[in-house]
Amino acid sequence: MHEYKKYFSLIFLILTTYSVSAQYITIDNSKTPVELVQSLFPAGSCVQPTNISINGYDFGGGAKSYAAFDSNGSGFPLNNGLIISTGKASSAIGPNSFILSEGPTSWAGDSDLQNAINENNTINATVVEFDFTAVTNHMSFDYVFSSEQYLSNPGSNQCNYSDGFAFLLRETGSAAYENLAVVPGTNIPVKVTTVRAQTPNCPAANTQYFGGFNNNDHPTNFNGQTIILTAEANVIPGTSYHIKMVIADQGNNLYDSAIFIGGNSFNNEIDLGDDRLIANNNPLCEDDTLALTPSPITGAVSYTWLKNSTPIPGYTNVSSPNYTITEAGDYTFVVNQTSCSLFGYIKVEYASITVNNATLIQCDDNNDGITTFNLTNANTLITGGNSNLSIEGYYRSLTEAQNQQNRITNPTAFQNSSTNNIVTVRIENRFGCKEYAEITLQLANNILNTISPVEECDTDDEQDGFFEFNLNEITQEIATDNTLPTGYVIQYFATPANAVVTTAPLSNPFTNTVANQQVIYARIINGPDCYGILPVTLKVNTFQPSNFNTEQKRICKGRSITIGVSNIYDSYSWNTTPVQTTSSITVSAAGTYTITATNNKGCTATKTFTVLESEAATINDVQVISFSGNGNTITVLASGSGNYEYSLDNEFYQDENIFTDIPPGEYTIYVRDKNGCGPTATKHVYVLDYPNFFTPNGDGFNDTWFIKNLHITYPNAKLFIFNRYGKLLKQVAASGQGWDGILNNNPLPSDDYWFTLQMENGKTIKGHFALKR
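Every letter in the sequence shown is one number past the one before it in the working numbering, and letter 231, counting from 1, is 231.
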């Protein structure tokens, strides 16, 4: 119980605070239906309502679903008038602190409303009805629609709920109603679903007519409302009409809504036509007039025109209703009758155009007095940067511009003439209002100092005469050599014609498109004008001296050599420590030596010497493959830092260290450095093989079969000779004289014989040979 009291006290404090800091509308329940409806008509109006009735709900204690309201200085858009609600009218008083859902389910809806807005199942309807007789051809009144169903963060299932209301009009005696509460310019009924802002779950609709979501201290207790809207219709003077204003909840009796109808806003006014406003996209243009000729009104005593609520001299209590508007203002037309007055209203604005004359200064590429102008460069000067103004066309004279004749078809490349250097520009605003400006065409006569040719060296490996120039550096040089206007801009072009019309500016950095030498053109721009065109020569110097390819040199260990290039260039620099600046140097150690030569243009070229150290070879091993016939080889394994070549006779040398197809015999291996470093290394080797036959005939040639040099290489080898049947015939010592073909003092016949050679390294070689007699 205590907690509840604390909570209630807090709510009361909050509400009390709001009542002090915020203003809310007030509600007067004491007015009768006749008084409420009559408050909608201005005092002295020639139209008065009759047969007035209001049917709603009586909540008791004087509170009803309809009442008079007053803005009470709260800022509510309508000052006063009539409120009709689907709940208690007095509950509309702010702040917006809780949801209004007050009508009982027994309170019925309205079928005419349902037909008008294409809804069904309405409930809690409040209806205002009355008759009037039209005295002019137009009637209107102002209203604001407010609703609790304007939720700023509704659920997706709440997007299609909308209470409905209608302002229905019909001729007396007719059954067909016209709904005047529609979205302006359409026949769409105004309701929550047709006029609202975008919310997280619901789409926007006609947002220009939505007044906004309401915060807690709003003058009313509704979540949102429209702006002031106008219900209007054309009527027939002298005809009687019936009006029915009705609002109701839709679907259920929750989330109340209300219509606020502006006091004194019901006007059977004289239709003077649409307001001519910038906001309506139909203002008058400068020097335009608007002739107003209202039809004479029956019973009129006199006519009066007012501008901004002040009578216009010469047009007060006059006999003619006509008036011509020549100035912007709020105009009121008063028809004075014997006992009342009729009114007509129109607002007029002028859409003035302010333009400026301009001068374009262009460069002449050949000094003939004729050049090409880009007329569009003057657009910003002419319009002052006003995006609401557009250039309609360029003409050679004002008359042609006014008559839109002979429009210049090439404004971006327009050539001046020697007789007329003025172009007329036709300008329009978005309302079609027109104005004219002049462009004066002048030739630039500024004398510019030329700059020296811009020379660069071709720095890449391919000396093709192309280089990537930094145009910013050239711009700086031009600015240094000339006095240029403040805020100048320099662009570069490939041809003088392109520079004149600013076509295809060169990109920065720029690589020349003509090898070695090319002239480009710098256009100095001063705002929209050409200050001058300056030719700039670009030169690319190539430097590709002969014999600058990378070279390899050998140096003997402990000696020195001289390396270098021709002494014909301006300067030299070696990558040595310290740096040496001669064309050649003497080095005594292996390494990479690079010389950079510079010519008289400042271009450089480099040559690299790779110096390798050489020394005499050391023969580490010789690998001999014997007993292989044509497959006998000698492989020499040598070490050292030199570049070696190999020989078996010290006369013919080869790069390979392998000798093949070596006949049996004694050999001396020679290994020497190609660069002549050190003595030649030598080593003796033997290649062994057995004879394929022998002829023991006593002629002194091949009389015995033996393996030459076997005793030198393999002194402990054992050699066994067999006949074809495997019978051992002879064992020959490695140092022996061989076999003479005799067994037991008997010569053996010609035949094939076999042998087995057992070496001390464990290797065994077998073969056969022929004995020939």
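Using N, Cα and C, we set each Cβ at its ideal position, and we do this for glycine too.
Review point. Relative to the C-alpha of R276, which residue among S309, A291, E269, N267 is closest?
Key: Here residue 276 corresponds to residue number 276 of the sequence shown, with the count starting at 1. Considering only S309, A291, E269, N267, the residue with the shortest C-alpha distance to R276 is A291.
Practice item. Kindly indicate which three-state DSSP category N445 falls into: helix, strand or coil? Key: Here the question's residue 445 lines up with position 445 in the sequence shown. Residue state, collapsed to three classes: coil.
Practice item. Compute the Euclidean distance between the alpha carbons of G698 and T704, then round it to the nearest angstrom. Key: For the purposes of this step, residue 698 is taken as residue 698 along the sequence shown, with counting starting at 1. For the purposes of this step, residue 704 is taken as residue 704 along the sequence shown, with counting starting at 1. G698 and T704 have their alpha carbons spaced roughly 9 angstroms apart.
**Study point:** N386 - partner residues in DSSP beta bridges
**Key:** By one-based count along the sequence shown, residue 386 stands at place 386. DSSP lists no partner for N386.
Check your understanding: Would you report the Cα separation of N79 and P189, rounded to the nearest angstrom?
Key -> For the purposes of this step, residue 79 is taken as residue 79 along the sequence shown, with counting starting at 1. For the purposes of this step, residue 189 is taken as residue 189 along the sequence shown, with counting starting at 1. Going from the Cα of N79 to the Cα of P189 covers about 25 angstroms.
Review point. Below 8 angstroms between beta carbons: does that hold for F69 and I123?
Key: The count along the sequence shown starts at 1 and reaches residue 69 at position 69. The count along the sequence shown starts at 1 and reaches residue 123 at position 123. Taking the C-beta atoms as reference points, I123 is found no nearer than 8 angstroms to F69.
Review point. On the three-state DSSP scale, how would you describe V335?
Key: As a first step, residue 335 is located in the sequence shown; it is residue number 335 there, counting from the start. Three-state result, V335: strand.
Review point. Going by Cα to Cα distance, which pick from F701, I408, L538 is closest to P453?
Key: The residue labelled residue 453 in the question sits at position 453 within the sequence shown. For the residues F701, I408, L538, the minimum Cα distance to P453 belongs to L538.
Point to revise | Distance between Q731 and M759 (C-alpha atoms, nearest Å) | key: Position 759 of the sequence shown, counted from the first residue, corresponds to residue 759. Position 731 of the sequence shown, counted from the first residue, corresponds to residue 731. Approximately 14 angstroms, taken between the alpha carbons.
**Study point:** Best match in S30, A437, T668 for proximity to I353 [C-alpha to C-alpha]
**Key:** Against the sequence shown, residue 353 aligns to sequence position 353. Of the candidates S30, A437, T668, the residue whose Cα lies closest to the Cα of I353 is A437.
**Study point:** Residue burial classification, V489 (beta-carbon count within 10 angstroms, cutoff 16)
**Key:** Numbered from its first residue, the sequence shown carries residue 489 at position 489. V489 comes out exposed.
**Study point:** Three-state secondary structure assigned by DSSP to N282
**Key:** Counted from its first residue, the sequence shown places residue 282 at position 282. N282: coil per DSSP, three-state reduction.
Review point. So, helix, strand or coil for N234, using DSSP?
Key: Here residue 234 is taken as the residue at index 234 of the sequence shown, counted from 1. Of the three classes helix, strand and coil, the one that applies to N234 here is strand, per DSSP.
Check your understanding: Exposed or buried, what is S571 when buried is set at 16 or more other beta-carbons lying within 10 Å of its beta-carbon?
Key -> The residue you call residue 571 lines up with position 571 of the sequence shown. Under this definition S571 is an exposed residue.
Review point. According to DSSP, what are the bridge partners of H242?
Key: Position 242 of the sequence shown holds residue 242. Note: H242 sits in a beta bridge opposite D131, R170.
Check your understanding: How about Y465 and T513: do their beta carbons lie closer than 8 angstroms?
Key -> On the sequence shown, position 465 is the one that residue 465 refers to. On the sequence shown, position 513 is the one that residue 513 refers to. Residue 465 is actually Gly in this sequence, not Tyr. At the C-beta level, G465 and T513 stay beyond 8 angstroms of one another.
Review point. Nearest to D461 by alpha carbon, out of D661, T239, T606?
Key: Taking the sequence shown and counting its residues from 1, the one referred to as residue 461 is at position 461. When only C-alpha atoms are compared, the closest one is T606.
Review point. Of the residues T668, I451, E178, K766, which one's Cα is nearest the Cα of P691?
Key: Taking the first residue of the sequence shown as 1, we reach residue 691 at position 691. Closest by C-alpha distance to P691, out of T668, I451, E178, K766, is K766.
Point to revise | alpha helix (DSSP H) runs contained entirely in the region 464-502, provided each spans 4 or more residues | key: Here the runs fully enclosed are 471-481, 496-501.
**Study point:** 8 angstroms CB neighbourhood of T16 in its chain, flanking five on each side removed
**Key:** Counting from 1 along the sequence shown, the entry for residue 16 is found at position 16. Note that T16 has pLDDT 38, beneath the 50 cutoff, so the model's placement of it is unreliable and the number below is only indicative. Closer than 8 angstroms at Cβ, skipping near neighbours: no residue.
Review point. Between the C-alpha atoms of T502 and P509, what's the straight-line distance to the nearest angstrom?
Key: Position 502 of the sequence shown, counted from the first residue, corresponds to residue 502. Position 509 of the sequence shown, counted from the first residue, corresponds to residue 509. C-alpha separation (whole angstroms): 18 angstroms.
Check your understanding: Which runs of the alpha helix (DSSP H) fall wholly inside the region 706-753 and span at least 4 residues, in chain order?
Key -> Complete alpha helix (DSSP H) runs here, min 4: 710-713.
**Study point:** Whole-angstrom C-beta distance between R672 and A617, which should lie under 8 angstroms
**Key:** In the sequence shown, counting from the first residue as 1, residue 617 sits at position 617. In the sequence shown, counting from the first residue as 1, residue 672 sits at position 672. Contact holds; Cβ gap of about 7 angstroms.
Check your understanding: With 16 other CB atoms within 10 Å as the buried threshold, where does Y725 fall?
Key -> Position 725 of the sequence shown, counting from 1, holds the residue named residue 725. Around the beta carbon of Y725, a 10 Å sphere encloses fewer than 16 other beta carbons of the protein chains shown; the residue is thus reported as exposed.
Practice item. Compare the Cα-Cα distances from I451 to each of G61, V519, G173, G558 and report the closest residue. Key: Translated into positions along the sequence shown, residue 451 becomes position 451. Closest option to I451, Cα to Cα, is V519.
Check your understanding: Measuring CA to CA, which of N282, F266, C677 is closest to G273?
Key -> One-based indexing of the sequence shown puts residue 273 at position 273. Of the listed residues, the one whose Cα sits closest to G273 is N282.
**Study point:** I117, DSSP secondary structure in three states
**Key:** Start at 1 with the first residue of the sequence shown, and residue 117 comes out as number 117. Of the three classes helix, strand and coil, the one that applies to I117 here is helix, per DSSP.
**Study point:** Buried or exposed by the 16-neighbour rule on C-beta atoms within 10 Å, applied to G741
**Key:** The sequence position of residue 741 within the sequence shown is 741, counting from 1. G741 should be labelled buried.
Check your understanding: According to the Cβ coordinates, are E435 and I427 closer than 8 angstroms?
Key -> Here residue 435 is taken as the residue at index 435 of the sequence shown, counted from 1. Here residue 427 is taken as the residue at index 427 of the sequence shown, counted from 1. Result yes, Cβ atoms of E435 and I427 sit closer than 8 angstroms.
**Study point:** Among N516, N470, D256, G564, nearest to E102 - alpha-carbon criterion
**Key:** Here residue 102 refers to the residue found at position 102 when the sequence shown is read from its first residue. For the set N516, N470, D256, G564, the Cα lying nearest the Cα of E102 is the one of D256.
Practice item. Taking 8 angstroms as the cut-off, decide whether the C-beta atoms of T226 and F145 are in contact. Key: Your numbering for residue 226 matches position 226 in the sequence shown. Your numbering for residue 145 matches position 145 in the sequence shown. Their beta carbons are under 8 angstroms apart, which means T226 touches F145 by this criterion.
Point to revise | DSSP beta-bridge partners of T682 | key: The sequence position of residue 682 within the sequence shown is 682, counting from 1. DSSP output for T682 lists Y670 as bridge partner(s).
Exercise for review: Using three-state DSSP, classify T380 as helix, strand or coil.
Suggested key: Translated into the one-based positions of the sequence shown, residue 380 becomes position 380. In the structure shown, T380 falls within a helical segment according to DSSP collapsed to helix, strand and coil.
Exercise for review: If I'm right that A125 touches A248 with Cβ under 8 angstroms, what's the distance once you round it to whole angstroms?
Suggested key: Along the sequence shown, read from residue 1 onward, the residue named residue 125 stands at position 125. Along the sequence shown, read from residue 1 onward, the residue named residue 248 stands at position 248. Sure, about 4 angstroms apart at Cβ, within 8 angstroms.
Exercise for review: Would you mind working out which of V565, F659, T412 sits nearest E645, comparing C-alpha positions?
Suggested key: Along the sequence shown, one-based indexing puts residue 645 at 645. Here the closest residue by C-alpha is F659.
Exercise for review: In angstroms with no decimal places, state the Cα-to-Cα distance between Q415 and N357.
Suggested key: By one-based count along the sequence shown, residue 415 stands at place 415. By one-based count along the sequence shown, residue 357 stands at place 357. Taking the straight line from one Cα to the other gives about 19 angstroms.
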